[in-house]
Amino acid sequence: MTAQILDGKIISAEIVSDVRAKVDARVASGLRAPALAVILLGSDPASQVYVGNKKRQCANAGIRSIDIDLPADTSEADLLALVARFNQDDEIDGILVQLPLPKHINAEKVIELIDPVKDVDGFHPYNIGRLALKMPLLRPCTPRGVMTLLERTGIDIAGKDAVIVGASNIVGRPQALELLLARATVTICHSKTRDLENKVRGADIVVAGVGIPHFVKGDWIKAGAIVIDVGINRLQNGKLCGDVEFDVAKEKAAWITPVPGGVGLMTVATLMQNTFDACVNRAD
Ligand code: GUN
1 MTAQILDGKI
11 ISAEIVSDVR
21 AKVDARVASG
31 LRAPALAVIL
41 LGSDPASQVY
51 VGNKKRQCAN
61 AGIRSIDIDL
71 PADTSEADLL
81 ALVARFNQDD
91 EIDGILVQLP
101 LPKHINAEKV
111 IELIDPVKDV
121 DGFHPYNIGR
131 LALKMPLLRP
141 CTPRGVMTLL
151 ERTGIDIAGK
161 DAVIVGASNI
171 VGRPQALELL
181 LARATVTICH
191 SKTRDLENKV
201 RGADIVVAGV
211 GIPHFVKGDW
221 IKAGAIVIDV
231 GINRLQNGKL
241 CGDVEFDVAK
251 EKAAWITPVP
261 GGVGLMTVAT
271 LMQNTFDACV
281 NRAD
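Mapping of the sequence shown onto full-length UniProt numbering: residues 1 to 284, in sequence order.
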């Protein structure tokens with residue numbers, strides 16, 4: 001069996017166009033467009049690519065984007081003051097601080113200062129707690145984007161065995177909460193996990209987010225499984241690849257995401273959904 005491709009390019013474009021229609025309806029009714037503040041410190045190449053994509057999708061979605069580019073040596077106090085200012089600004093619906101932050105800044109402290117109703121990344125402990133308690137408000141973008149992809153397969157997730165490879169705050173942990181909310185049976189694997197291969201072999205759904213090229217071997221994939229690859233790794237030859245050995249895995253899986261053209265595009269499209277949701281929630 002050759003897997004069907006979960007095409008992030010097509011699905012993310014549909015999501016952004018849905019957001020656009022909702023924004024246009026809001027504006028037509030006399031309300032202002034949603035506004036997203038994106039703060040970037042320094043010039044990390046990967047972060048610049050992410051932020052560039054965010055600006056482009058904001059334009060497509062009709063969302064006002066306020067971009068603050070600061071030098072890498074900006075002090076923690078100055079960054080906190082900027083976040084506090086955006087918290088107070090009634091015209092701003094979403095605040096995103098691009099990660100990773102320079103080492104001299106305590107990222108947790110910055111995330112905790114963001115007003116949870118403007119936390120469009122869904123990283124604030126309040127939003128993670130709400131997701132854990134089955135009452136999500138703003139949900140982390142990558143895991144929410146993965147759930148959108150899973151919905152598109154038409155397969156009922158309830159009762160499925162889901163294995164997540166990687167336990168990061170941005171992907172693995174919130175992904176586990178999302179899959180649990182959808183009533184999957186969830187296993188989170190990490191660097192201390194024993195016999196990863198057998199755990200993956202038993203999975204109906206595999207989500208890989210470790211940042212190591214081809215870490216999940218294609219022949220570990222169970223026949224008919226859904227494989228979601230969150231990894232975006234650059235190889236020596238300059239090409240991008242995921243955490244899963246795609247060419248082998250696609251011969252066993254029922255559904256699989258490509259890299260590039262899979263989850264990465266969904267993250268930014270979901271950010272547009274979250275920004276729209278934050279704007280509506282704040283007005284309520
Ligand atoms: N860096 C890599 N992914 C993300 C993300 O989803 N949000 C933020 N703020 N930074 C990131």
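Positions of the beta carbon are idealized from the N, C-alpha and C atoms, including for glycine.
Output needed for residue i: all residues of its chain with C-beta closer than 6 Å, excluding positions within five of it in sequence on either side, in chain order.
i: Leu179; result: Ala162 and Val186
i: Lys217; result: Glu245
i: Ile228; result: Val146, Val207 and Thr257
i: Ser65; result: Leu36, Lys55 and Cys58
i: Lys252; result: Ile221 and Ala223
i: Asn233; result: Pro213 and Cys241
i: Pro143; result: Pro174, Gln175 and Glu178
According to DSSP, residue i sits in a beta bridge with which residue or residues?
i: Ile228; result: Val207
i: Thr257; result: Answer is none; Thr257 lacks a bridge partner.
i: Gln4; result: Trp255
i: Asn233; result: Cys241
i: Arg85; result: For Arg85, which the question treats as bridged, DSSP gives no partner whatsoever.
i: Ile66; result: Ala37
i: Val185; result: First, the residue type needs correcting, since residue 185 is Thr and not Val in the sequence shown. Thr185 is bridged to Asp161.
For residue i, is the classification buried or exposed, using 16 other Cβ atoms within 10 angstroms of its Cβ as the cut-off for buried?
i: Met266; result: buried
i: Leu31; result: exposed
i: Val171; result: buried
i: Asp277; result: buried
i: Gln236; result: exposed
i: residue 289; result: Any property of residue 289 remains undetermined from this structure, which presents the chain solely from 1 to 284.
i: Ile10; result: exposed
i: Lys109; result: exposed
i: Ala77; result: exposed
i: Lys250; result: buried
i: Leu40; result: buried
i: Asp121; result: buried
Given this structure, state the Cα-to-Cα distance separating residue i from residue j, to the nearest angstrom.
i: Val230; j: Gly242; result: 7 Å
i: Gly238; j: Ala13; result: 26 Å
i: Val97; j: Ile105; result: 12 Å
i: Val280; j: Asp247; result: 42 Å
i: Pro102; j: Gly211; result: 20 Å
i: Asp156; j: Arg194; result: 29 Å
i: Val165; j: Ala28; result: 45 Å
i: Phe123; j: Val38; result: 15 Å
i: Leu80; j: Ile188; result: 33 Å
i: Asp24; j: Asp69; result: 28 Å
i: Gly129; j: His190; result: 21 Å
Leaving aside the five residues before and after residue i along the sequence, list all residues of the same chain whose C-beta is less than 7 Å from its C-beta, in chain order.
i: Gly273; result: The sequence shown places Gln at residue 273, rather than the Gly named in the question. Cβ neighbours of Gln273 beyond the five flanking positions: Ile15 and Val19.
i: Gly262; result: Leu6, Gly8 and Asp229
i: Gln48; result: none
i: Tyr126; result: Pro116
Which same chain residues end up closer than 8 Å to residue i when comparing Cβ atoms and leaving out the 5 residues on each side of it in sequence?
i: Val117; result: Leu137, Leu138, Ala278, Asn281 and Arg282
i: Leu113; result: Leu80, Val83, Ala84 and Asn87
i: Phe215; result: Val165, Ala208, Gly231, Asp243 and Val244
Are there any heavy atoms of the ligand MN lying less than 8 Å away from the beta-carbon of residue i, as far as the coordinates show?
i: Pro100; result: Absence of the ligand MN from the depicted structure is noted, with the ligand GUN being the only ligands included.
Taking only beta-carbon atoms, is residue i less than 9 Å away from chain D?
i: Arg20; result: Going by chain labels, chain D is absent from the structure shown, which holds only one protein chain.
Q. At which residue ranges does the segment 148-172 contain complete beta strand (DSSP E) runs of 3 or more residues, listed in the order of the chain?
A. For the segment 148-172, the full-length beta strand (DSSP E) segments reaching 3 residues or more read 161-165 along the chain.
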